[in-house]
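Residue numbers (my numbering): 1 to 501.
Below is one structure; the comments refer to it alone.
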Ligand code: NDP
């Protein structure tokens with residue numbers, strides 16, 4: 001544990017393996033702090049390859065256990081439904097715990113916790129609707145059918161910005177189809193994922209169905225990705241780490257689902273309701289202190305409404321209440337940890353050196369609490385070649401640029417390595433559809449931003465990801481397809497050297 005000698009010894013969180021709190025093989029722990037105050041929250045087990053081995057063995061044993069393997073699909077659905085209920089029962093504690101861990105506003109976390117059970121209910125409903133097909137053959141005496149099978153032990157590696165939601169996007173479909181899971185949460189947010197794993201057991205899943213090894217990416221995360229028993233890796237995090245994980249998975253021919261970074265455009269046309277669009281811009285970049293993959297960090301405003309939009313967004317940004325995320329009046333909490341705050345600060349400094357003008361914000365703050373805050377910031381005099389416009393900052397920093405025509409803004413919006421999401425503000429129906437078609441992003445919002453549902457598929461285009469999360473499509477990510485041929489004829493085989501169909 002760190003040298004905080006004047007404080008009482010903080011709680012020590014253990015791994016969760018085979019249904020049990022399990023100390024780390026190394027005996028070492030790392031510190032997790034509250035980013036709003038810098039206060040030490042707890043020590044978490046520092047996982048390594050030995051702990052991953054133990055978690056993988058527990059997950060494999062659960063996968064092979066007839067009590068799980070042979071459970072009917074409907075019963076699997078019941079378990080997921082019960083888990084959703086337990087999350088609803090524990091929502092306030094989970095929301096507070098996650099808010100303390102990553103600094104997100106308690107009221108945003110309460111909102112997330114209200115919708116979280118619905119992800120489990122959705123996949124509970126889907127569990128017994130997963131079925132194969134009977135395939136037509138040219139020979140009526142041959143039956144060919146398909147079935148979807150679970151993969152085995154699935155690895156889930158998740159970031160710190162919305163730990164419960166992003167982990168749920170992986171484990172709910174993975175469990176619905178009969179896999180078991182080993183999770184490596186972000187080192188900054190271990191607490192709620194460990195609690196979630198306890199609730200999984202409480203819901204009646206067999207011990208070992210969901211295991212959690214806490215620790216660092218380079219140690220526990222890497223060991224999980226490299227484990228020979230892993231059947232699939234599902235990762236949410238940065239594009240750089242995702243690329244390494246995809247390469248490791250490909251070298252062993254296992255699949256990967258990757259939800260990665262973004263630099264999403266939020267486009268305001270001259271015919272838009274500018275007051276609403278300004279709120280959409282604020283929601284897109286200042287909610288969650290900009291720490292969302294879908295942040296609308298590149299704002300394009302038609303020249304006819306550029307000044308008005310700037311004024312509205314800047315005015316609202318200036319009035320944003322920075323403070324304690326647990327306080328209902330707070331609108332902007334801290335960045336999740338000190339290095340993230342410093343990264344945001346260095347990007348804004350870089351923007352200044354590239355010629356950007358800071359219209360509001362542009363400074364770190366301690367939020368009056370000693371935490372890792374950064375002021376809501378608006379950059380202007382920016383263009384698409386600047387690094388602040390090209391690279392993901394993951395903080396409350398909007399770059400706002402004017403444009404003159406639809407073709408121009410489509411070109412600018414698509415001129416990015418990312419393709420996660422895009423916002424369009426217009427009252428012209430035809431333009432809305434044209435833009436939805438022309439923008440290269442997996443999610444398009446028209447006259448809204450940050451809308452999400454377990455029912456709606458989410459896919460990152462280009463460097464923003466591979467594979468689908470949410471919706472029925474996800475089922476394919478966590479199953480393999482088997483084709484079974486059954487010859488019902490008693491006739492002798494006429495010619496063994498000819499292919500059959
Ligand atoms: P990172 O890529 O740094 O980390 C994500 C997870 O991967 C963490 O658990 C991390 O562990 C782990 N990790 C790091 N290195 C390795 C490795 N070599 N092998 C295995 N695991 C590793 O991302 P952040 O945590 O900083 O998250 C922010 C990023 O996540 C942003 O880019 C954001 O856009 C993206 N994101 C994407 C979403 C989407 O749906 N597309 C949603 C939310 C976020 P550790 O914490 O110890 O480093």
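We put the beta carbon where it would ideally sit given N, CA and C, even for glycine.
Buried or exposed by the 16-neighbour rule on C-beta atoms within 10 Å, applied to residue i
i	result
residue 340	buried
residue 130	buried
residue 105	buried
residue 260	buried
residue 477	buried
residue 454	buried
residue 20	exposed
residue 370	exposed
residue 13	buried
residue 51	buried
residue 324	buried
residue 310	buried
residue 265	buried
residue 66	exposed
residue 405	exposed
residue 74	exposed
residue 383	exposed
Rounded straight-line distance, which links the Cα of residue j to that of residue i
i	j	result
residue 2	residue 32	At residue 2 the pLDDT is 43, less than 50, meaning the model places this residue with poor confidence and gives no usable figure here.
residue 277	residue 486	59 Å
residue 482	residue 450	37 Å
residue 136	residue 498	20 Å
residue 271	residue 473	35 Å
residue 462	residue 418	6 Å
residue 316	residue 283	11 Å
residue 197	residue 17	9 Å
residue 158	residue 184	7 Å
residue 144	residue 489	13 Å
residue 5	residue 193	Confidence at residue 5 is low in this model, with a pLDDT of 44, below 50, so the placement of that residue is unreliable and no value is reported for it.
residue 567	residue 357	Outside the shown range of the chain (1 to 501) lies residue 567, about which nothing can therefore be said.
residue 427	residue 355	34 Å
residue 114	residue 484	42 Å
residue 138	residue 496	18 Å
residue 186	residue 134	43 Å
residue 409	residue 387	19 Å
residue 118	residue 38	33 Å
residue 313	residue 172	38 Å
residue 156	residue 141	44 Å
residue 205	residue 25	25 Å
residue 62	residue 170	18 Å
residue 292	residue 328	20 Å
residue 147	residue 68	18 Å
residue 49	residue 58	14 Å
residue 244	residue 251	11 Å
residue 362	residue 349	8 Å
residue 342	residue 307	30 Å
residue 101	residue 214	14 Å
residue 492	residue 218	60 Å
residue 227	residue 46	18 Å
residue 80	residue 303	50 Å
residue 399	residue 296	9 Å
residue 467	residue 151	16 Å
residue 494	residue 70	39 Å
residue 54	residue 153	13 Å
residue 126	residue 345	45 Å
residue 240	residue 258	11 Å
Endpoints, alpha helix (DSSP H) assigned at residue i
i	result
residue 383	Here residue 383 belongs to no alpha helix (DSSP H), and DSSP marks it neither H nor E.
residue 120	106 to 127
residue 83	73 to 89
residue 503	As displayed, the chain neither begins before 1 nor continues past 501, which places residue 503 out of reach and without an answer.
residue 198	191 to 202
residue 347	338 to 354
residue 167	163 to 176
residue 286	274 to 286
residue 56	49 to 64
residue 156	Looking at the DSSP string, residue 156 is not in any alpha helix (DSSP H); the run it does join, the beta strand (DSSP E), is 153 to 157.
Cβ of residue i within 9 Å of any chain B Cβ
i	result
residue 17	Considering every chain present, this structure includes no chain B. It has just one protein chain.
CB-CB length for residue i against residue j, believed under 8 Å
i	j	result
residue 164	residue 222	With 8 Å as the limit, residue 164 and residue 222 do not qualify as a contact, their Cβ atoms being about 24 Å apart.
residue 395	residue 335	6 Å
residue 188	residue 337	5 Å
residue 416	residue 397	Incorrect: roughly 16 Å between the Cβ atoms, too far for contact.
residue 458	residue 443	6 Å
Residue i: first and last residue of the uninterrupted beta strand (DSSP E) it sits in
i	result
residue 302	298 to 302
residue 40	40 to 45
residue 266	265 to 268
residue 306	First-last for residue 306: 306 to 319, but that is the alpha helix (DSSP H), not the beta strand (DSSP E).
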